[in-house]
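A.B. asks: Protein sequences, first through last, are from chains A, B, C and D.
With numbering that gives the first Met the number 0, letter number 76 in the first sequence gets 75, and the count goes up by one each step, no holes.
With numbering that gives the first Met the number 0, letter number 73 in the second sequence gets 72, and the count goes up by one each step, no holes.
With numbering that gives the first Met the number 0, letter number 56 in the third sequence gets 55, and the count goes up by one each step, no holes.
With numbering that gives the first Met the number 0, letter number 120 in the fourth sequence gets 119, and the count goes up by one each step, no holes.
This is the structure I want to talk about, given as structure tokens.
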Amino acid sequence: MKIKILAFGIAKDIFGAPGIEVELQHGQTVGDMRLLLEAKFSRLASLSSYMVAVNNEYADRQQLLQEVDEVAIIPPVSGG
Amino acid sequence: MKIKILAFGIAKDIFGAPGIEVELQHGQTVGDMRLLLEAKFSRLASLSSYMVAVNNEYADRQQLLQEVDEVAIIPPVSGG
Amino acid sequence: MIDIVLTDLPIDISACISRVMTPSAGGVDVFIGTVRDVTKGRKVIRLDFEAYEPMAISEMKKIAERAMKEWPLHKIVLHHRTGTLEVGEVPVVIAVSAAHRDAAFTACRYIIDTLKQTVPIWKKEIFEDGEVWVSATP
Amino acid sequence: MIDIVLTDLPIDISACISRVMTPSAGGVDVFIGTVRDVTKGRKVIRLDFEAYEPMAISEMKKIAERAMKEWPLHKIVLHHRTGTLEVGEVPVVIAVSAAHRDAAFTACRYIIDTLKQTVPIWKKEIFEDGEVWVSATP
């Protein structure tokens, strides 16, 4: 299945776009997606840290992904 | 010597005036003045507490009083 | 910069804030006291504030100067009202700017807490059925 | 009452404060973030703020709702800017009213501290000789 991933802040620079698509299998998790992205974009792994949001909520690595999900890469936030 | 004493807040109500004069001897202290005032105005002793200021500074009981001093009774403050 | 005012005119909150804002500040903390409509279950009609003016100004200055020494602050504005204030009006405004928010918050809190302990200003609460000098009696 | 706004227009500080003032409040604490001219010794030209808007609004609401549950507050206003801000401009305003000042101070501090940890907003510092996404890299 194709998953659309939104990128913000430095993640947008790393991807070179405000969003990308990745191909995942049914049953794959946020953790699987992180590994796939880090393999493709090595700078992602060099960030202080980053989180993944699914449908506007922070998601842990165990969370299963579905084709309809809105997925976003959340590099360290710095609002305020 | 005559000492002029300013009164604020509830002390003004107790004295019935924004200021009074008391007669003290040379060498008498803030503590002596407090006893004299409390003998004359028993409600003063029934306050939660009160301080004495001499020349716009809080004064302890040992401080000697002089005729030129500006003395003030400071009941519990409640600004803000 | 320290700006201390004791006044019987309404305090201009925006002017207080503008005065502490500066390009070297990263954060401003502002405390605004307001006259509450109820105290211990009794309806408040208004408050009367009285100050021993020269000493009140001198004690407010001391507090601001101590805060300036204690924390890395840029500017402090401390304005206090005297006279009669209706419910909703503003007896006190404290604005503090600093490079970092921690100093601004800590100093602002210190200033209002210390003001309430040491500055010779008194408030009388006027209720529908009586009046009382706050904190005067046990 | 909770009022959350994410906007690319300047924040009206006075309007934020007016919105939290109420006759049942005794104190209002306000935090105003400002764009500082220097970071770690480097001269800042401007900041660019970017937000993941729906999630940022949802996370700001969560913080305000948690504060409302945790402390006896009356009203919370939390406005945050997006877009380009010059030195001296205001990225964030938080105003909190409560019957007693302790709750107002504690909640206002909690809101800004938590916002900086959880709300998906990013700031890029633009210097004379380069730019950097704040906190992104070790």
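Ideal Cβ placement from N, Cα and C applies to all residues, glycine included.
Contact between the stretch 21-34 of chain B and the stretch 2-22 of chain C: three or more CB pairs below 8 Å?
C.D. replies: In short, these stretches do not touch, since the Cβ pair count stays below three.
A.B. asks: What are the start and end residues of the alpha helix (DSSP H) that includes Ile158/C?
C.D. replies: Absent from the model: residue 158/C. The displayed extent of chain C is 0 to 137, so no value can be given.
A.B. asks: For the putative contact between Ser96/C and Val19/C, defined by C-beta atoms under 8 Å, what is the C-beta separation to the nearest angstrom?
C.D. replies: One-based indexing of the third sequence puts residue 96/C at position 97. One-based indexing of the third sequence puts residue 19/C at position 20. Sure, about 4 Å apart at Cβ, within 8 Å.
A.B. asks: Could you give the first and the last residue of the continuous alpha helix (DSSP H) run that contains Val86/C?
C.D. replies: Counting from 1 along the third sequence, the entry for residue 86/C is found at position 87. Here Val86/C belongs to no alpha helix (DSSP H), and DSSP marks it neither H nor E.
A.B. asks: Is Asp36/C close to chain D? Criterion is C-beta to C-beta, closer than 8 Å.
C.D. replies: The sequence position of residue 36/C within the third sequence is 37, counting from 1. Closer than 8 Å to some Cβ of chain D, the Cβ of Asp36/C qualifies, so yes.
A.B. asks: In angstroms, rounded to a whole number, what distance separates the CA positions of Asp128/D and Ser41/A?
C.D. replies: Numbered from its first residue, the fourth sequence carries residue 128/D at position 129. Numbered from its first residue, the first sequence carries residue 41/A at position 42. Answer to the nearest angstrom: the Cα atoms are 26 Å apart.
A.B. asks: Considering only the alpha carbon of each residue, which of Val43/C, Thr33/C, Pro137/C and Ala102/C lies closest to Glu130/C?
C.D. replies: By one-based count along the third sequence, residue 130/C stands at place 131. For Glu130/C, the nearest C-alpha among the options comes from Val43/C.
A.B. asks: Is Pro137/D close to chain F, meaning its C-beta is less than 8 Å from at least one C-beta of that chain?
C.D. replies: Of the protein chains in the structure, A, B, C and D, none is chain F.
A.B. asks: In whole angstroms, give me the CA-to-CA distance for Asp28/D and Pro22/C.
C.D. replies: As a position in the fourth sequence, residue 28/D is number 29, starting the count at 1. As a position in the third sequence, residue 22/C is number 23, starting the count at 1. C-alpha separation (whole angstroms): 22 Å.
A.B. asks: Can a CB atom of chain D be found closer than 8 Å to the CB of Gly32/C?
C.D. replies: Here residue 32/C is taken as the residue at index 33 of the third sequence, counted from 1. Yes, contact with chain D.
A.B. asks: Is any non-hydrogen atom of the ligand PLP found closer than 7 Å to the C-beta of Gly129/C, if you look at the structure I gave you?
C.D. replies: Only the bare structure without any ligand can be found here, which leaves the ligand PLP out of the picture.
A.B. asks: Please confirm whether Met67/C and Ile1/C have their CB atoms less than 8 Å apart.
C.D. replies: One-based indexing of the third sequence puts residue 67/C at position 68. One-based indexing of the third sequence puts residue 1/C at position 2. Going by C-beta atoms, Met67/C is nearer than 8 Å to Ile1/C.
A.B. asks: What is the DSSP secondary structure of Phe43/C, reduced to helix, strand or coil?
C.D. replies: Numbered from 1 along the third sequence, position 44 holds the residue referred to as residue 43/C. For the record, residue 43/C in the displayed sequence is Val; it is not Phe. Val43/C: strand per DSSP, three-state reduction.
A.B. asks: Which residue comes first and which comes last in the alpha helix (DSSP H) that contains Glu69/C?
C.D. replies: Residue 69/C sits at position 70 when you count from the first residue of the third sequence. Counting along the chain, the alpha helix (DSSP H) containing Glu69/C begins and ends at Glu52 to Glu69.
A.B. asks: Check whether the stretch 58-73 of chain D and the stretch 90-108 of chain D are in contact - that is, three or more C-beta pairs closer than 8 Å.
C.D. replies: Cβ pair count under 8 Å is three or more, so yes.
A.B. asks: Going by DSSP, which residues form a beta bridge with Asp59/B?
C.D. replies: If you number the second sequence from 1, residue 59/B lands on position 60. Beta-bridge pairing links Asp59/B to no other residue.
A.B. asks: Got a sec, what are the start and stop residues for the beta strand (DSSP E) Ser96/C sits in?
C.D. replies: Walking along the third sequence from the start, residue 96/C turns up at place 97. Counting along the chain, the beta strand (DSSP E) containing Ser96/C begins and ends at Val91 to Ala97.
A.B. asks: If you draw a straight line from the C-alpha of Phe14/B to the C-alpha of Ser45/B, how long is it?
C.D. replies: If you number the second sequence from 1, residue 14/B lands on position 15. If you number the second sequence from 1, residue 45/B lands on position 46. Roughly 14 Å between the two C-alpha positions.
A.B. asks: If I follow the unbroken alpha helix (DSSP H) through Glu22/A, where does it start and stop?
C.D. replies: For the purposes of this step, residue 22/A is taken as the residue at position 23 of the first sequence. Segment Gly18 to Glu22 is the beta strand (DSSP E) holding Glu22/A; no alpha helix (DSSP H) there.
A.B. asks: Considering Cα atoms alone, identify which of Cys15/C, Asp7/C and Arg45/C is closest to Trp132/C.
C.D. replies: Sequence index remark: in the third sequence, residue 132/C carries index 133 (1-based). Taking only the C-alpha atoms, the option nearest Trp132/C is Arg45/C.
A.B. asks: Give the range of the beta strand (DSSP E) segment to which Asp28/C is assigned.
C.D. replies: Locating residue 28/C in the third sequence gives position 29, counting from the first residue. Counting along the chain, the beta strand (DSSP E) containing Asp28/C begins and ends at Gly26 to Gly32.
A.B. asks: Ends of the alpha helix (DSSP H) at Ala135/C?
C.D. replies: Residue numbering aside, residue 135/C sits at position 136 when the third sequence is read from its first letter. Counting along the chain, Ala135/C falls outside any alpha helix (DSSP H), and DSSP gives it neither H nor E.
A.B. asks: Reducing DSSP to helix, strand and coil, say where Thr28/B ends up.
C.D. replies: Residue numbering aside, residue 28/B sits at position 29 when the second sequence is read from its first letter. DSSP places Thr28/B in strand when its eight states are reduced to three.
A.B. asks: I'd like to know if Phe126/C contacts chain D, where contact means its C-beta is closer than 8 Å to some C-beta of that chain.
C.D. replies: By one-based count along the third sequence, residue 126/C stands at place 127. No, no contact with chain D.
A.B. asks: Would you mind working out which of His78/D, Val34/D and Ile16/D sits nearest Ala50/D, comparing C-alpha positions?
C.D. replies: For the purposes of this step, residue 50/D is taken as the residue at position 51 of the fourth sequence. Ranking the options by Cα distance to Ala50/D, first place goes to His78/D.
A.B. asks: Using 8 Å as the limit for Cβ to Cβ distance, is Ala24/D near chain C?
C.D. replies: Start at 1 with the first residue of the fourth sequence, and residue 24/D comes out as number 25. Chain C contact via Cβ: present.
A.B. asks: Determine the chain C residues that contact Ala98/D at a beta-carbon separation under 9 Å, and present them in chain order.
C.D. replies: As a working note, residue 98/D is residue 99 in the fourth sequence. Here the neighbours are Arg35 and Val37.
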